[in-house]
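Here is the structure we will look at, set down as structure tokens.
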Amino acid sequence: MENVLEINQLTKAFSSKTALDHVSFSIRKGTCFGLLGPNGAGKSTTMKILTGILSADSGTVRMFGMDAAANRLAVQKQVGYVPQEITLYDKLSAIDNLKFFGGLYGITGTLLKTRIEAVLQETGLSDRAKDQIKSFSGGMKRRINIACALLHEPKLLILDEPTVGIDPQSRNHIFDMIRHLRDSGVTVIYSTHYMEEVEALCDEIAIIDQGKVIAQGSLEQLFDRFAQKAVYLETGKNFQPESIGEVKKIYRRGHGWVLETDHPLAVMKTLLDHQESGDELKAIEMVKPSLEDVFLSLTGTSLRD
Amino acid sequence: MKNVMIKEFKLMLKERGNVFFLIILPLLFIVAFGSIFNSAGSTSITIHVHDLDRTAASQAFVKQIDRLKGFTVKKENSPSVASQVKKIKDGSLSSLIVIDKGFETGLQKGGVPIHFYQDGAQSSSAAPIQAILQNMANQYREQKLAQTLSARGLNPAQIKQTLAAPIHIQTITENGKHIDFMSQIVPGYTVMFVFFIMISMLQRFFKERDSGMIARLQGTPLRSAGYLVGMWIPPFVSVLIQCAVLLFFGRLFYGLHLGNPVVVTLIVLCLAFCGTGLGLGLSMIARSQNQGIGITQLITMGGAIVAGLWFPSDMLPSFVQNIGYFTPQYWAMQGFQDVMIRDAGLSAIWLNLLLLLVFGVFGLAIALFRFRPFIHDAAH
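Chains C and X, in that order, give the protein sequences. Straight run, no breaks: the first sequence in full-length UniProt numbering ends on number 305. Straight run, no breaks: the second sequence in full-length UniProt numbering ends on number 380.
See below:
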């Protein structure tokens, strides 16, 4: 599958602070690519460089086969950017905001009207089209914020933390929108510091920390490479987990134990053998790895720190 | 550019404060000051007189003052002179004429003093009364001279010829056919309030920047020049509307003579260019909204004083007048007054128009020079 975006050795510094340090990754067409990292990791800077808002100090960005810096206008016409801030005109209606953004991409007349109706339908806000933005809830504003970037039917949609501070209903609506867009062939870059969102939405992920990409790949690849496999079990009083071989580390969680191991199936088999020999075993399951575990394993700190 | 312009027009209409500051407030000022100064012609100066003599001569003296146009006598027969002098000392009375007992007798004998008490702190309001008294003293001297000459055998014609002043002052009004208070007030407040557009422009740019909108727009195909022009034209048009409303209000309700409409329109166009050009420049260089608002107030209020928007420029001290020449308000005001009062044409005010354009170009040059750093800051 062809790459929509190829970033190579991108660097950016603000005064003496390095925001991006030789960042490289590529994104395949029609996928949802997650950019995961804590606040201040360099996600927004990366996105602003991709959209032409900021220019990189060094490195290259190729988008749709073009050098993005040299073909800024051509690239911008194919990209939809949703910034982290809700950048709408509060005193104007939703439809006026959409008309404004549509006009910026040269959409006029009947086409503009049709596109506005379509994005309002997609965001579920058709019935609020004529209301002023200031009367909208935070989630509704976020949805219109996204809708403004969809009017020109971009091939690449860049979303910078689009769900910050919104209700679960709006979040689910936004997720459905993103899935629908991806299924219709739009490539999506989704920046967030919520690992659950990346796990729920993204096909591929780059984890960024302190301006560097520290890991990238599909969820499965990241779990395989960086998450510690483990088995969870609950036992009777007489059970001694220390007696299980091939376990690297054991610690308590809730009413049971977590047994970290590189061979979970073998450990589970040993545990079941123990039960047959009389040990009491109440529950046993494979521990599902999370991106939080991956991040912890890579940086030694929690993503939420 | 067109989209930015349409959006700005819509936002302007939604912002009620704009209508208040650009139209309603100047109208209130024009109405308030128009009422004050229009009725100023019917007011008179009150002269407080304490007549202790109460004779036919002293009463004739008081009546003579009372007959003077623009002056009204208020007789102060009680309380005592001392208590009224105390009022002057307290500042609650600006002046008092006291006719002492023995005024009539003194006149017959050849000389009598009239005491004129005045508050030194309000000498300007007492000055006209002092001039009246001096004039009346001269009249009494002429009467005395006439009596003396008559006693020496001169006939009335000879006496008149002898007492005739060697200088005759004839006042001839050559210019300013349409001068009245409104020809100062209406253009004055119109020019002053035009420059308040700078605050609106400043607030719009800061709002766009602080909300992240400018950063977002940089990620769209909108070009910088298109954005700048789109943000500039709506305030320019709103100033044109503002000037039209204020000048037509003056015409409709106060009968203000507007002069040549084409020339007035040219002044309004140049004034709008100047005010919004400076507004654009200020929006790009102000470090904060408060700083920008402070600078705008300095320009609008300071300019209004030194440029003669509140009082005719020639009433100001010469050094203040000299400062006024460096303000756009002065050239706009003089242009308006030349057209409205003296029916001046384009040939008489071309320099005013040119200077207004120069001020506007200066503002635009700053805006162009500073726009790139401004949007660069907005992107972070």
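Glycine residues also receive a C-beta, built at the ideal position from the N, C-alpha and C atoms.
| Query | Result |
| --- | --- |
| Does the beta carbon of Pro162(C) come closer than 7 Å to any beta carbon on chain X? | no |
| Cβ closer than 7 Å: which chain X residues qualify as neighbours of Ile53(C)? | Ala215, Gln218, Gly219, Ala379 |
| Inspect the beta-carbon positions of Val85(X) and His50(X) and report whether they are closer than 7 Å. | no |
| Output needed in chain order: residues of the region 98 to 115 of chain C with a Cβ under 9 Å from some Cβ in chain X. | Lys99, Phe100, Phe101, Gly102, Gly103, Leu104, Tyr105, Gly106 |
| Residues of chain C with CB under 7 Å from Gly212(X), in chain order? | Pro83, Glu85, Thr87 |
| Mapping the DSSP letters down to three states, classify Asn8(C) as helix, strand or coil. | strand |
| Identify, in the order they occur along the chain, each residue of the same chain with its Cβ nearer than 8 Å to the Cβ of Leu357(X), setting aside the five sequence neighbours on each side. | Cys270, Phe273, Cys274 |
| Would you report the Cα separation of Pro156(X) and Ala165(X), rounded to the nearest angstrom? | 16 Å |
| Could you check which residue in Ala379(X), Lys14(X), Gly360(X) has the C-alpha nearest to that of Tyr89(C)? | Lys14(X) |
| Would you identify the three-state DSSP class for Glu153(C), choosing helix, strand or coil? | coil |
| Pair every Cβ in the region 363 to 373 of chain X with every Cβ in the region 304 to 324 of chain X, then say whether three or more of these pairs are closer than 8 Å. | no |
| With 16 other CB atoms within 10 Å as the buried threshold, where does Lys43(C) fall? | buried |
| For a cutoff of 7 Å on Cβ pairs, would you count Lys134(C) as touching chain X? | no |
| Classify Val188(C): buried if its beta carbon has 16 or more other beta carbons within 10 angstroms, exposed otherwise. | buried |
| Which partner residues of Phe71(X) appear in the DSSP bridge assignment? | Ile45(X) |
| Would His93(X) and Lys87(X) qualify as a contact pair, given that the criterion is a beta-carbon distance under 7 Å? | A small correction: the amino acid at residue 93(X) is Leu; His does not occupy that position in the sequence shown. It is a contact, given that the beta carbons lie within the stated cut-off. |
| Should Phe248(X) go down as buried or exposed, given a rule of 16 or more other Cβ atoms within 10 Å for buried? | exposed |
| Between Ser297(C), Gln84(C), Lys130(C), which lies nearest to Asp160(C) when the distance is taken from Cα to Cα? | Gln84(C) |
| Suppose you measure from the CA of Glu142(X) to the CA of Phe311(X); what does that come to, to the nearest Å? | 39 Å |
| Tell me, please, whether the CB atom of Leu222(X) is closer than 7 Å to any CB atom in chain C? | yes |
| For Leu272(C), which of Lys249(C), Tyr232(C), Phe295(C), Glu292(C) has the nearest alpha-carbon? | Tyr232(C) |
| In angstroms, rounded to a whole number, what distance separates the CA positions of Asp131(C) and Thr114(C)? | 19 Å |
| For Ile197(X) and Leu22(X), which I take to be in contact (beta-carbon distance under 8 Å), what is that distance rounded to the nearest angstrom? | 7 Å |
| Comparing C-alpha positions only, which one of Gln108(X), His115(X), Gln321(X) sits nearest to Lys144(X)? | Gln108(X) |
| Tyr227(X): buried (16+ other C-beta within 10 angstroms of its C-beta) or exposed? | buried |
| Using CA coordinates, which residue listed in Val306(X), Ile341(X), Pro128(X) is at the minimum distance from Leu68(X)? | Pro128(X) |
| Keeping to the same chain, check which residues put their C-beta closer than 7 Å to that of Lys48(C); ignore five residues upstream and five downstream. | Leu54 |
| How would you list, in chain order, the residues of chain X whose beta-carbon sits under 9 Å from the beta-carbon of Lys91(C)? | Lys10, Leu11, Lys14, Glu15 |
| So with Cβ pairs under 7 Å, would you call Lys77(C) a contact of chain X? | yes |
| Can you give me, in chain order, the residues of the region 25 to 53 of chain C that have a beta carbon less than 7 Å from any beta carbon in chain X? | Lys48, Thr51, Gly52, Ile53 |
| With 7 Å set as the bound, which would you pick, yes or no: does the beta-carbon of Leu150(C) sit closer than that to a beta-carbon of chain X? | no |
| Where do the N-terminal and C-terminal ends of the beta strand (DSSP E) with Cys32(C) fall, by residue? | 32 to 36 |
| Just list the alpha helix (DSSP H) runs in the region 280 to 359 of chain X, keeping only unbroken ones of 4 residues or longer that don't cross its boundaries, in chain order. | 289 to 297, 303 to 306, 318 to 324, 328 to 342 |
| Of all the options Ile65(X), Leu351(X), Ala344(X), which has the alpha carbon lying nearest to the alpha carbon of Tyr325(X)? | Leu351(X) |
| Please determine if the region 284 to 296 of chain C and the region 202 to 211 of chain X are in contact, where contact requires at least 3 C-beta pairs separated by less than 8 Å. | no |
| Going straight from the alpha carbon of Ile207(C) to that of Thr51(C), what length do you get? | 20 Å |
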